[in-house]
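Keeping their order, the protein sequence lines are chains X and G. Under numbering that gives the first Met the number 0, the first sequence has 114 at position 115, and the numbering climbs by one with no breaks. Under numbering that gives the first Met the number 0, the second sequence has 26 at position 27, and the numbering climbs by one with no breaks. C-beta atoms are modelled at their ideal positions from N, C-alpha and C, and glycine is treated no differently. To start, the structure under review is shown below, and the notes come after it.
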Amino acid sequence: MIETRNLKKIYTTEDVETTALNQVNLAVQPGEFIAVMGPSGCGKSTLLNILGLLDTPSAGEYLFLGEEVSRHSERRRAQLRKSNIGFIFQSFNLIDELTVFENVELPLLYLGISASARKKRVLAVLEQMQLVPRKNHFPQQLSGGQQQRVAVGRAVVGSPKLILADEPTGNLDSTHGDEVMKLLTDLHESGTTIIMVTHSPAYADYSQRVVHLFDGHVVTENLMEKFHV
Amino acid sequence: MIRLRDITRYYTNGFVKTFVLRGVRLDVAEGEFLTIMGPSGAGKSTLLHILGMLDATSEGEYFFHDIPVHELTERRRTELHQQNIGFVFQSYHLIDDLTVYENLETPLLYKKVKAAERKSLVADMLDRFGIVAKKDLFPAQLSGGQQQLVAVARAMIIHPRLILADEPTGNLNSKQGEEIMALFRELNRAGTTIIQVTHSEKNAAYGHRIIHLCDGWVTGHQLAASG
Numbered sequence: 000m001i002e003t004r005n006l007k008k009i010y011t012t013e014d015v016e017t018t019a020l021n022q023v024n025l026a027v028q029p030g031e032f033i034a035v036m037g038p039s040g041c042g043k044s045t046l047l048n049i050l051g052l053l054d055t056p057s058a059g060e061y062l063f064l065g066e067e068v069s070r071h072s073e074r075r076r077a078q079l080r081k082s083n084i085g086f087i088f089q090s091f092n093l094i095d096e097l098t099v100f101e102n103v104e105l106p107l108l109y110l111g112i113s114a115s116a117r118k119k120r121v122l123a124v125l126e127q128m129q130l131v132p133r134k135n136h137f138p139q140q141l142s143g144g145q146q147q148r149v150a151v152g153r154a155v156v157g158s159p160k161l162i163l164a165d166e167p168t169g170n171l172d173s174t175h176g177d178e179v180m181k182l183l184t185d186l187h188e189s190g191t192t193i194i195m196v197t198h199s200p201a202y203a204d205y206s207q208r209v210v211h212l213f214d215g216h217v218v219t220e221n222l223m224e225k226f227h228v
Numbered sequence: 000m001i002r003l004r005d006i007t008r009y010y011t012n013g014f015v016k017t018f019v020l021r022g023v024r025l026d027v028a029e030g031e032f033l034t035i036m037g038p039s040g041a042g043k044s045t046l047l048h049i050l051g052m053l054d055a056t057s058e059g060e061y062f063f064h065d066i067p068v069h070e071l072t073e074r075r076r077t078e079l080h081q082q083n084i085g086f087v088f089q090s091y092h093l094i095d096d097l098t099v100y101e102n103l104e105t106p107l108l109y110k111k112v113k114a115a116e117r118k119s120l121v122a123d124m125l126d127r128f129g130i131v132a133k134k135d136l137f138p139a140q141l142s143g144g145q146q147q148l149v150a151v152a153r154a155m156i157i158h159p160r161l162i163l164a165d166e167p168t169g170n171l172n173s174k175q176g177e178e179i180m181a182l183f184r185e186l187n188r189a190g191t192t193i194i195q196v197t198h199s200e201k202n203a204a205y206g207h208r209i210i211h212l213c214d215g216w217v218t219g220h221q222l223a224a225s226g
């Protein structure tokens, strides 16, 4: 599903060059659940942004669904992104002016799906996230755990092939963190490919493979224990 | 515009009632710029949430343009909120996988605003907030100050009559903070009513009037330094 070849990202600010990613080679198969770990500033979020077509590499190749996308126009990348990728962020990323229902519905508006089909799909997702009684509430009326469930709902409502999660449990206590991980595991089991950045070894355990980044390099890749046997 | 009478808010936990607001009485006229100050835990954010119709009162009356908010169903409250109120928070609450343009457009997608009109409303906001050049960027590509500008612009795009701001400069450096406050002053002069919660005397000076909260009580009223 994903393959990067010698991916490089360099930021230049006032004559200082910072190499955020250096020669990253990564292959992800459809249906995999991968955790990306590493210290702060090692390039995890940069990698996720490039994989999510939110940013472009300075050099190297990125093949997404078999297509070289790193030189695509912004319009074409947006199209690919909106129809294939769902995002979950640490800080929930909900819109305060919109209700729970509307927040979840948002990606479907960009896909040009009819109102009745949207309603059906949103209600099904709210059901899955156990948020039906909250559908007319605003984000600020919810707990952090509920807000992140809305965000997960928003990420999955368009049935994306790939979910990118950047520290999805970072702002949650362990009970709510476990809940979100349970949802990701369910999505993985139903066939969604997931790439998750996390600091938590316990949550990395939910994945099949852990990629460790350090100073912009992939230093090791570990298959998780349970899949060795 | 706003009339609060003996607003009390408590949370019940077993047999214990914890009071967050006690007997709050407050009038805010259309076009005012009011600041709420007080120590942490004084009830400032709860008061802002009640004003924004995100939280209900335990006791007391809340009239918004003579509509008794305390008697409304939740559905009606939601409507009233969406038609009249914009919120700005300390953290920016933008969607990271949508561009600046798309972030601004979102509230309009739900207002049955036609595509051409949406385009002109967004273009207008981008222009007014000096962020035209940023329209195709994602939030992560902006500075904190720019992200907050986008958040304020999004709150403004439905032309709310009332803006509620909870520590809107809390995550910004002083120069960015001043920019946001100057923007609020400008919006207020153009007719938008603003109520902000802040710890900063400097930010309070942009408003007309200050109320002080402590332990859920309104403990003082004063005119702002510049007011």
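Taking 7 Å as the threshold (C-beta atoms), are residue j and residue i in contact?
| i | j | result |
| --- | --- | --- |
| residue 167 of chain G | residue 84 of chain G | no |
| residue 134 of chain X | residue 125 of chain X | yes |
| residue 117 of chain X | residue 110 of chain X | no |
| residue 84 of chain X | residue 51 of chain X | yes |
| residue 235 of chain G | residue 192 of chain G | Past the edges of chain G, shown from 0 to 226, lies residue 235 of chain G, and the structure says nothing about it. |
| residue 91 of chain G | residue 181 of chain G | no |
| residue 107 of chain G | residue 124 of chain G | no |
| residue 7 of chain X | residue 59 of chain X | yes |
| residue 88 of chain X | residue 165 of chain X | yes |
| residue 179 of chain X | residue 167 of chain X | yes |
| residue 186 of chain G | residue 144 of chain G | no |
| residue 121 of chain X | residue 100 of chain X | yes |
| residue 69 of chain X | residue 55 of chain X | yes |
| residue 9 of chain X | residue 16 of chain X | yes |
| residue 42 of chain G | residue 212 of chain G | yes |
Which one of the options has the shortest CA to CA distance from residue i?
| i | options | result |
| --- | --- | --- |
| residue 194 of chain G | G:88, G:60 and G:13 | G:88 |
| residue 46 of chain X | X:77, X:72 and X:4 | X:4 |
| residue 148 of chain G | G:161, G:119, G:128 and G:140 | G:128 |
| residue 163 of chain X | X:187, X:176 and X:104 | X:187 |
| residue 208 of chain G | G:12, G:3, G:25 and G:7 | G:25 |
| residue 3 of chain G | G:50, G:170 and G:154 | G:50 |
| residue 156 of chain G | G:142, G:110, G:176 and G:184 | G:110 |
| residue 143 of chain X | X:154, X:172, X:128 and X:161 | X:172 |
DSSP on residue i, reduced to helix/strand/coil?
| i | result |
| --- | --- |
| residue 155 of chain G | helix |
| residue 68 of chain X | coil |
| residue 126 of chain G | helix |
| residue 40 of chain X | coil |
| residue 157 of chain X | coil |
| residue 138 of chain G | helix |
| residue 111 of chain G | coil |
| residue 21 of chain X | strand |
| residue 98 of chain X | coil |
| residue 67 of chain G | strand |
| residue 118 of chain G | helix |
| residue 205 of chain X | coil |
| residue 227 of chain X | At residue 227 of chain X, the pLDDT of 42 sits below 50, so the modelled position is not reliable and the matter cannot be decided from this model. |
| residue 28 of chain G | coil |
| residue 128 of chain X | coil |
| residue 183 of chain G | helix |
| residue 17 of chain G | strand |
| residue 134 of chain X | coil |
Return no unless some Cβ of chain B is closer than 7 Å to the Cβ of residue i.
| i | result |
| --- | --- |
| residue 221 of chain X | Included in the structure are the protein chains X and G, with no chain B among them. |
The stretch 134-147 of chain G contacting the stretch 67-85 of chain G, beta-carbon criterion three pairs below 8 Å = The stretch 134-147 of chain G, when compared against the stretch 67-85 of chain G, does not touch it at the 8 Å Cβ threshold.
Flag this pair as touching only if the stretch 90-107 of chain G and the stretch 32-41 of chain X have three or more C-beta atom pairs under 8 Å; answer yes or no.
-> At 8 Å Cβ cutoff, the stretches do not touch.
Mind listing which residues of the stretch 190-202 of chain X have their C-beta closer than 8 Å to chain G's C-betas, in chain order?
-> Of all residues in the stretch 190-202 of chain X, none comes within less than 8 Å of chain G when Cβ atoms are compared.
Do the stretch 23-32 of chain X and the stretch 193-209 of chain X make contact, defined as three or more Cβ pairs closer than 8 Å?
-> Put simply, the stretch 23-32 of chain X touches the stretch 193-209 of chain X. At least three CB pairs are less than 8 Å apart.
Which of the residues in the stretch 67-79 of chain G, read from start to end, lie with their CB under 9 Å from any CB of chain X?
-> Residues of the stretch 67-79 of chain G whose Cβ lies closer than 9 Å to any Cβ of chain X, in chain order: 73, 74 and 77.
Would you check if there are 3 or more beta carbon pairs closer than 8 Å linking the stretch 74-81 of chain X to the stretch 17-26 of chain G?
-> The stretch 74-81 of chain X vs the stretch 17-26 of chain G: no contact.
Count the C-beta pairs between the stretch 6-14 of chain G and the stretch 54-63 of chain G that are closer than 8 Å, then say yes if the count reaches three, no if not.
-> Touching, per the Cβ criterion.
Chain X contacts from the stretch 173-187 of chain G (Cβ-Cβ distance under 8 Å) = Answer in chain order: no residues at all.
The stretch 104-130 of chain G: positions lying closer than 8 Å to chain X by Cβ = Going along the stretch 104-130 of chain G in chain order, one finds 105, 106, 108 and 109 with a Cβ nearer than 8 Å to chain X.
Contact residues within the stretch 92-109 of chain X, judged by C-beta distance below 7 Å to chain G | Going along the stretch 92-109 of chain X in chain order, one finds 92, 93, 94, 95, 96, 97, 98, 101, 105 and 108 with a Cβ nearer than 7 Å to chain G.
Closer than 9 Å, Cβ to any Cβ of chain G: which residues of the stretch 65-88 of chain X, in chain order?
-> Residues 73, 77, 80, 81, 84, 85, 86 and 88.
Going along the stretch 4-34 of chain G in order, which residues come within less than 9 Å of chain X, judged by CB to CB distance?
-> Listed in sequence order: no entries.
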